Amino acid sequence: MTVKEFFGCTFIAYGPAFALFIFTIAREPLRIIILIAGCFFWLLSLLFSSVLWNIVWPLKDQLAFGVVFSVLFQEIFRFFIYKLLRKADEGLQTFSDEPPTASDKHTIAYVAGLGFGLMSGAFSLVNVLAMATGPGTVGINGDTPYFFLTSALMTSCFILLHTFWNVIFFWGCDKRNFPAVGFVVGFHMLISCLTLIRPLQPATIIPAYCILLVTMAIAYKLVGGSVNNLMAFLTCKRAGYASN
Amino acid sequence: MAVPRSVLPLLFLCFPLCWAQFRSVHDMIYVNITAQAPCVRLMNATHQIGCTSAVSGNVGVLHYCAEQSDVDWLIQSAKNKPYMPLMVPRLFTYENVQGLRASGKISGILVAYGNRSDPQPPQAGFSPVHKCPNDGYGMYSDHPEYAHCKNTTWNPLGSGLSYLDYDFPMSLLVNQSDIDYLIDCHNRFNKYDNDSNQAYPLCAVQIKDRMDGAKDSITCIRRSNLNINLNPFVYCDALGDKNVWGTLRPLNKSTPLNDSKELIVASAKIDTWSLFHNVGGVGANDATGFIALLAAAEALGKLDQVEKNAMKDLMFVFFQGETFDYIGSSRMVYDMRRGEFPAKLNDKVPWQPSLVNTTNIQYFLEVSQVGLWEQSGGLWAHSDPVSQKTSAVRDNVNAIFSAIENATDSTNISIGKPPSFQALPPASLQRFLREDLGVPGIVLSDHMAAYSNNYFMSRLDLPAEIGMDIPANLKPDEAYDYTTKQGESLTKVATVIARTLYQLASNKSPSEAAKITASSSTINHLLYCFLQHANCPLFAEVLSSKSVAALKSLPGPLPRYVSVPQNAANQISQVVANLLTFYLGERLPNLNTPTECKTPRYDHINSYIFMNGRPVVNTTDNTTSYASFCMRASVQFSTAVSPAFLSNEMLHSNEYSTWTESRWTVLNAKIFLVSSEAEQTITLSVGVVVILVSLVLMYFVNTKSDVLFTAPEAEY
Chain A
1 MTVKEFFGCT FIAYGPAFAL FIFTIAREPL RIIILIAGCF FWLLSLLFSS VLWNIVWPLK
61 DQLAFGVVFS VLFQEIFRFF IYKLLRKADE GLQTFSDEPP TASDKHTIAY VAGLGFGLMS
121 GAFSLVNVLA MATGPGTVGI NGDTPYFFLT SALMTSCFIL LHTFWNVIFF WGCDKRNFPA
181 VGFVVGFHML ISCLTLIRPL QPATIIPAYC ILLVTMAIAY KLVGGSVNNL MAFLTCKRAG
241 YASN
Chain B
245 MAVPRSVLPL LFLCFPLCWA QFRSVHDMIY VNITAQAPCV RLMNATHQIG CTSAVSGNVG
305 VLHYCAEQSD VDWLIQSAKN KPYMPLMVPR LFTYENVQGL RASGKISGIL VAYGNRSDPQ
365 PPQAGFSPVH KCPNDGYGMY SDHPEYAHCK NTTWNPLGSG LSYLDYDFPM SLLVNQSDID
425 YLIDCHNRFN KYDNDSNQAY PLCAVQIKDR MDGAKDSITC IRRSNLNINL NPFVYCDALG
485 DKNVWGTLRP LNKSTPLNDS KELIVASAKI DTWSLFHNVG GVGANDATGF IALLAAAEAL
545 GKLDQVEKNA MKDLMFVFFQ GETFDYIGSS RMVYDMRRGE FPAKLNDKVP WQPSLVNTTN
605 IQYFLEVSQV GLWEQSGGLW AHSDPVSQKT SAVRDNVNAI FSAIENATDS TNISIGKPPS
665 FQALPPASLQ RFLREDLGVP GIVLSDHMAA YSNNYFMSRL DLPAEIGMDI PANLKPDEAY
725 DYTTKQGESL TKVATVIART LYQLASNKSP SEAAKITASS STINHLLYCF LQHANCPLFA
785 EVLSSKSVAA LKSLPGPLPR YVSVPQNAAN QISQVVANLL TFYLGERLPN LNTPTECKTP
845 RYDHINSYIF MNGRPVVNTT DNTTSYASFC MRASVQFSTA VSPAFLSNEM LHSNEYSTWT
905 ESRWTVLNAK IFLVSSEAEQ TITLSVGVVV ILVSLVLMYF VNTKSDVLFT APEAEY
């Protein structure tokens with residue numbers, strides 16, 4: 001692995017998240033606060049997972065145990081940040097100049113989700129990237145030579161997944177729509193366990209991205225998108241025509 | 245850089261994308277090479293020699309060279325440069341190293357030297373040092389006839405390989421498991437299909453051993469002395485250690501030597517050198533000299549005290565650092581000429597040895613390489629033609645020669661004199677004659693002109709080459725007592741030396757000298773301990789219990805590289821000093837503990853050494869204790885650091901050895917796979933495309949969000 005691959009992987013993993021941040025978050029202080037809150041709650045979930053992992057020392061070497069409880073803690077903290085943000089909703093609005101609109105709740109969910117995802121993405125790849133600047137590439141012990149590439153792709157996938165999951169999760173909580181909440185927790189668990197079975201091979205990437213597409217479609221639908229809107233976007237119609 | 249353990253739980257918990265194996269990323273990429281002996285950089289007043297890696301290490305594609313054709317392939321047709329060849333010792337020759345270096349295709353060289361890789365020395369011989377060793381620092385440095393070995397080339401096989409400056413690292417791999425892993429990695433990934441381009445990934449190696457010092461000793465010392473901050477950085481250290489010397493009978497300043505010329509000096513050098521740092525087990529023929537001298541010291545030490553007292557003063561000297569332009573002898577002569585050897589006289593110290601000067605020396609007998617005399621038709625007594633123009637010197641040289649002749653007659657060895665116009669071979673005696681042409685001396689060796697040793701100063705100067713084959717099926721204690729061919733022939737040499745010295749010191753007839761015989765078991769033990777396994781009963785008996793424990797971890801013989809001076813003497817010098825004390829000294833039965841067996845502060849003549857002794861097994865409870873004992877002998881260390889480092893003028897004078905060893909901070913090597921440039925470029929391109937597409941897409945999504953998200957639910 002060399003500097004070239006280091007930058008390649010960095011761009012793949014964090015490029016989409018970076019674009020989201022630049023265009024939708026960077027210019028609004030309120031959103032940055034929410035983003036940081038999302039990061040913080042993900043870190044809290046990590047802390048609790050680690051504490052549990054340390055306490056239950058006989059299962060330290062059991063990766064599955066760690067993964068399952070880590071997923072549960074992440075989802076619990078996703079619920080906590082939901083509670084917090086809904087409580088803080090009115091207070092937060094005082095920072096904003098514009099009157100609250102219906103899509104603001106989705107925006108908050110999206111921003112918090114991106115924070116959640118960014119932090120998880122940072123932790124999953126930074127140590128890998130640190131190794132990536134050295135001269136070697138993975139494979140001497142029979143590991144896949146695409147390790148760095150798949151790690152970067154998976155990281156990118158997870159950042160986006162967390163973002164969309166958060167939108168669905170918040171909506172589900174607001175609507176008391178428990179299947180939606182269950183969908184998020186279930187798929188988080190599913191994809192995590194998938195990586196346990198086939199660690200970081202191209203075979204894991206494809207289902208992960210399929211799940212990402214499904215999750216993205218659901219989230220898009222929830223926040224007011226439709227096939228018509230998408231078509232309108234693609235054919236460059238103006239906003240006025242579509243809504244009228 | 246391994247991932248710290250404290251981070252591991254975090255890492256593996258937080259990502260859902262954990263891999264099933266509980267391994268750090270580092271372990272997925274790198275396999276460390278566990279042991280290596282690097283070629284390090286040394287410097288003298290004008291040059292730097294040896295190797296260094298780049299600051300960030302040198303990386304090269306591994307290529308296992310088992311045959312000459314593999315090396316030729318690398319030089320001629322290899323395409324994926326740079327390479328890091330792993331060579332069997334046989335191929336590590338001057339021609340191959342130069343060829344590879346000139347091809348510009350290599351970034352380093354590894355040499356396999358494990359216990360299974362047969363060194364197979366080339367029949368033609370191999371010597372990586374100069375044809376004229378220590379040229380310029382002996383007595384003939386500007387002699388019209390003898391300078392630069394004009395008269396006799398001592399080491400015609402010398403290629404000078406070790407004295408070149410390499411800008412890439414070279415390492416000797418001493419651990420067989422490392423070598424096996426590398427060969428396996430080569431076979432798995434780098435099996436070249438003749439000249440076809442090899443598919444990536446390739447197995448590669450990185451060596452990191454950046455040398456801090458550069459250019460030459462003078463520059464390096466100046467840089468080290470610059471105090472530009474509170475943490476002075478030292479770039480290199482002068483080579484040096486301690487000489488060991490001892491006398492048969494104590495020298496005491498109450499009876500000074502004056503110029504009565506009644507001192508006999510017998511010397512040998514103990515150090516050797518190999519291109520690869522501190523590799524033990526080399527220089528077998530080089531070691532025969534000091535081993536024979538030690539055995540002779542034992543034979544003479546057994547004489548009874550009355551006889552010893554009647555003899556002339558006899559001094560045994562074991563020089564350190566002679567390989568590097570006579571470090572040990574030049575310092576001893578320097579100290580002698582200044583009236584500081586063994587130490588400046590001090591009225592406050594009641595017991596001090598008398599001063600020794602070069603003018604006190606009546607006879608000087610140096611034992612050089614003597615292991616191969618049977619092949620070269622006997623022993624040869626070299627003497628210096630320049631000093632023998634004086635009749636007094638000539639008479640004394642002849643006296644030594646006739647004593648040797650008498651001794652060889654009684655032991656059935658032939659002794660020859662090289663032609664009288666032939667100069668002295670490189671020897672410590674040259675440093676004495678350089679300062680004082682009145683020192684009558686002979687250098688005893690196994691060669692008439694050029695060295696008999698075809699592997700001089702190389703790592704192939706192995707015990708097997710001097711007839712020290714020990715049957716492999718012997719247990720360690722049987723091997724220890726086994727009499728090799730070398731053991732037999734060296735016993736004769738030691739006997740000759742002992743009888744010669746006895747005759748010279750006592751003026752007795754050759755027939756009386758014939759009662760002295762070197763012990764063949766001592767020779768066997770010394771050869772075994774110095775050349776095969778340092779962890780042996782003899783060393784265990786004469787060393788302190790602490791040093792014995794340190795030997796236990798040593799797999800082979802002691803390294804004999806002079807290295808840089810430390811507080812304590814090198815292990816090898818310590819062992820020689822203890823052996824000399826053991827052979828020359830007397831047991832003090834009243835001193836039974838290490839605290840009692842301490843040299844008294846007023847006594848600068850003797851040293852007291854508490855030796856571990858032989859193991860005694862207690863049959864009742866099956867425990868082992870040691871029959872430790874205290875020895876006293878007039879055996880001392882003397883400084884063996886070149887006088888050049890005493891002052892700036894002497895450093896520039898060309899008179900003394902100026903060798904320094906560079907310091908280094910990192911020394912490691914690892915094995916891993918490298919991907920092709922194309923693959924790396926693809927990864928980078930994909931990354932760039934991903935980020936650009938994301939940015940463009942998000943720009944449009946953001947500006948057209950009113951188009952995309954137009955149907956918020958009414959309830960919100």
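The listed protein sequences derive, respectively, from chains A and B.
If you count by our numbering, then the first sequence holds residues 1 to 244, one letter each, in order.
If you count by our numbering, then the second sequence holds residues 245 to 960, one letter each, in order.
Ideal placement from N, C-alpha and C gives every residue a C-beta, glycine not left out.
Keep in mind that this is a model prediction, so the values were computed, not measured.
So, helix, strand or coil for B/Q606, using DSSP? As a first step, residue 606 of chain B is located in the second sequence; it is residue number 362 there, counting from the start. B/Q606 falls in the strand class under three-state DSSP.
Looking only at its own chain, which residues have a Cβ that is under 8 angstroms from the Cβ of A/C39, when we skip the five neighbours before and after it? Here residue 39 of chain A refers to the residue found at position 39 when the first sequence is read from its first residue. If we look at A/C39 and ignore the five residues flanking it on each side, its Cβ neighbours are G115, F116, L118 and M119.
Verify whether the separation of the beta carbon atoms of B/A742 and B/S654 is less than 7 angstroms. Position 498 of the second sequence holds residue 742 of chain B. Position 410 of the second sequence holds residue 654 of chain B. For B/A742 and B/S654, no; Cβs fall outside 7 angstroms.
Anticipated Cβ contact below 8 angstroms, B/N601 with B/M580, distance rounded: Locating residue 601 of chain B in the second sequence gives position 357, counting from the first residue. Locating residue 580 of chain B in the second sequence gives position 336, counting from the first residue. Yes, they are in contact, since the Cβ atoms of B/N601 and B/M580 sit about 5 angstroms apart, within 8 angstroms.
Given that a residue counts as buried once 16 or more other Cβ atoms are within 10 Å of its Cβ, and exposed if not, what is B/D411? For the purposes of this step, residue 411 of chain B is identified with residue 167 of the second sequence, where counting begins at 1. So B/D411 ends up on the exposed side.
Would you check if there are 3 or more beta carbon pairs closer than 8 angstroms linking the stretch 866-876 of chain B to the stretch 605-616 of chain B? no
Roughly how many whole angstroms lie between the Cα atoms of A/T137 and B/I350? Against the first sequence, residue 137 of chain A aligns to sequence position 137. Against the second sequence, residue 350 of chain B aligns to sequence position 106. One C-alpha to the other measures close to 20 angstroms.
Buried or exposed: A/A17, going by 16 or more other Cβ atoms within 10 Å of its Cβ? Taking the first residue of the first sequence as 1, we reach residue 17 of chain A at position 17. The residue in question, A/A17, is buried, as its Cβ has 16 or more Cβ neighbours within 10 Å.
Assess, as a yes-or-no matter, whether the stretch 623-639 of chain B is touched by the stretch 657-668 of chain B under the definition of 3 or more beta carbon pairs within less than 8 angstroms. yes
Anything in chain A within Cβ reach of B/L417, meaning under 8 angstroms, just list it in chain order. For the purposes of this step, residue 417 of chain B is taken as residue 173 along the second sequence, with counting starting at 1. Within 8 angstroms Cβ-Cβ: nothing; B/L417 doesn't reach chain A, min ~17 angstroms.
Need the endpoints of the beta strand (DSSP E) that B/Y852 sits in, please. Position 608 of the second sequence, counting from 1, holds the residue named residue 852 of chain B. Taken as a continuous stretch (DSSP letters only), the beta strand (DSSP E) holding B/Y852 covers S851 to M855.
Secondary structure of B/E899, DSSP reduced to three states: Here residue 899 of chain B is taken as the residue at index 655 of the second sequence, counted from 1. Looking at B/E899 - three-state DSSP - the assignment turns out to be coil, as it is neither helix nor strand.
Might you give, ordered along the chain, the residues of its own chain that have their beta carbon closer than 6 angstroms to the beta carbon of A/H188, omitting 5 neighbours on each side? Locating residue 188 of chain A in the first sequence gives position 188, counting from the first residue. Within the same chain, A/H188 has close Cβ partners V71.
Taking A/I12 as the query, report the chain B residues whose CB atoms sit under 7 angstroms from its CB, ordered along the chain. Taking the first sequence and counting its residues from 1, one reaches residue 12 of chain A at position 12. Going along chain B in sequence order, the residues near A/I12 (Cβ under 7 angstroms) are V930, G931 and V934.
So that I know if they touch, is there some Cβ in chain A lying closer than 7 angstroms to that of B/Y943? Position 699 of the second sequence, counted from the start, is the residue given in the question as residue 943 of chain B. Closer than 7 angstroms: yes.
Quick check on B/P377: buried or exposed, where buried means 16 or more other Cβ atoms within 10 Å of its Cβ? Counting from one through the second sequence, the residue named residue 377 of chain B turns up at place 133. That one is buried.
Answer yes or no: does any C-beta atom of chain A fall closer than 7 angstroms to that of B/Y274? By 1-based counting over the second sequence, the position of residue 274 of chain B is 30. Yes, contact with chain A.
Return helix, strand or coil for B/H848, following the three-state DSSP convention. Residue mapping note: residue 848 of chain B aligns to position 604 of the second sequence, counting from 1. Coil, per DSSP.
Own chain residues within Cβ distance below 6 angstroms of A/L48, not counting five before or after: Mapped onto the first sequence, residue 48 of chain A falls at position 48. Note on residue identity: the sequence assigns Phe, not Leu, to residue 48 of chain A. Excluding positions up to five away in sequence, the list reads F73.
Between B/Q619 and chain A, is there a C-beta pair that is closer than 7 angstroms? Counting from one through the second sequence, the residue named residue 619 of chain B turns up at place 375. It does not: the Cβ of B/Q619 has no partner Cβ on chain A nearer than 7 angstroms.
The alpha helix (DSSP H) that contains A/I205, what's its start and end? Your numbering for residue 205 of chain A matches position 205 in the first sequence. Residues P202 to L222.
Evaluate B/K914 with the Cβ neighbour count: other Cβ atoms within 10 Å of its Cβ, from every protein chain shown; 16 or more gives buried, anything less gives exposed. Translated into the one-based positions of the second sequence, residue 914 of chain B becomes position 670. The residue is buried, with at least 16 neighbouring Cβ atoms inside 10 Å.
Taking B/A289 as the reference, give the member of B/Y846, B/E893 and B/K948 with the closest Cα. Locating residue 289 of chain B in the second sequence gives position 45, where the first residue counts as 1. Of the candidates B/Y846, B/E893 and B/K948, the one whose C-alpha sits nearest the C-alpha of B/A289 is B/E893.
Using 10 angstroms around the beta-carbon of A/C210, count the other beta-carbons present and answer buried if the total reaches 16, otherwise exposed. On the first sequence, residue 210 of chain A is found 210 positions in, with the first residue counted as 1. Exposed, since its Cβ has fewer than 16 Cβ neighbours within 10 Å.
Which residues mark the beginning and the end of the alpha helix (DSSP H) in which A/T10 is found? Reading the first sequence from its first residue, position 10 is the one you call residue 10 of chain A. From DSSP, the alpha helix (DSSP H) with A/T10 extends over V3 to L20.
Assigned secondary structure, B/T947 (DSSP; H/G/I helix, E/B strand, else coil): Walking along the second sequence from the start, residue 947 of chain B turns up at place 703. B/T947 falls in the helix class under three-state DSSP.
Please list, in chain order, all residues of the same chain as B/Y479 whose beta carbon is under 7 angstroms from its beta carbon, the five residues on each side excluded. Within the second sequence, residue 479 of chain B is the residue found at index 235, counting from 1. So the qualifying residues of the chain are D456, G457, C464, R467, S468, S906 and R907.
Near A/G172, what residues of its chain come up, given a Cβ to Cβ distance below 6 angstroms and the 5 sequence neighbours on each side ignored? The residue you call residue 172 of chain A lines up with position 172 of the first sequence. So the list reads A180 and V181, once near-sequence residues are dropped.
Taking 6 angstroms as the limit between beta carbons, can you name the residues of its chain near B/A888, skipping five residues before and five after? Sequence index remark: in the second sequence, residue 888 of chain B carries index 644 (1-based). Excluding residues within five positions, the ones whose Cβ falls inside 6 angstroms are M894, L895, Y900 and T902.
Determine the chain B residues that contact A/G8 at a beta-carbon separation under 7 angstroms, and present them in chain order. Position 8 of the first sequence, counting from 1, holds the residue named residue 8 of chain A. Result: T927, L928, V930 and G931.
If you measure beta-carbon to beta-carbon, which residues of the stretch 143-160 of chain A are closer than 9 angstroms to chain B? D143, P145, F147, F148, L149, T150, S151, A152, M154, T155, S156, C157 and F158
By the DSSP assignment, the alpha helix (DSSP H) with B/L537 in it spans what residues? Position 293 of the second sequence, counting from 1, holds the residue named residue 537 of chain B. Here the alpha helix (DSSP H) through B/L537 covers A528 to G545.
Using only alpha-carbon positions, find the residue among B/L286, B/T954, B/F336 and B/V488 that is nearest to B/A821. Taking the first residue of the second sequence as position 1, residue 821 of chain B is located at position 577. Ranking the options by Cα distance to B/A821, first place goes to B/V488.
With burial defined as no fewer than 16 other Cβ atoms inside 10 Å of the residue's Cβ, what is the status of A/V214: buried or exposed? For the purposes of this step, residue 214 of chain A is taken as residue 214 along the first sequence, with counting starting at 1. Classification of A/V214: exposed, given that the 10 Å Cβ count is below 16.
Cβ of B/L270 less than 7 angstroms from any chain A Cβ? Translated into positions along the second sequence, residue 270 of chain B becomes position 26. Checking the sequence shown, residue 270 of chain B turns out to be His, not Leu. Closer than 7 angstroms to some Cβ of chain A, the Cβ of B/H270 qualifies, so yes.
For B/V299, the three-state DSSP class (helix, strand or coil): Within the second sequence, numbered from 1, the residue matching residue 299 of chain B stands at position 55. In the structure shown, B/V299 sits in coil (DSSP, three-state: anything other than H, G, I, E or B).
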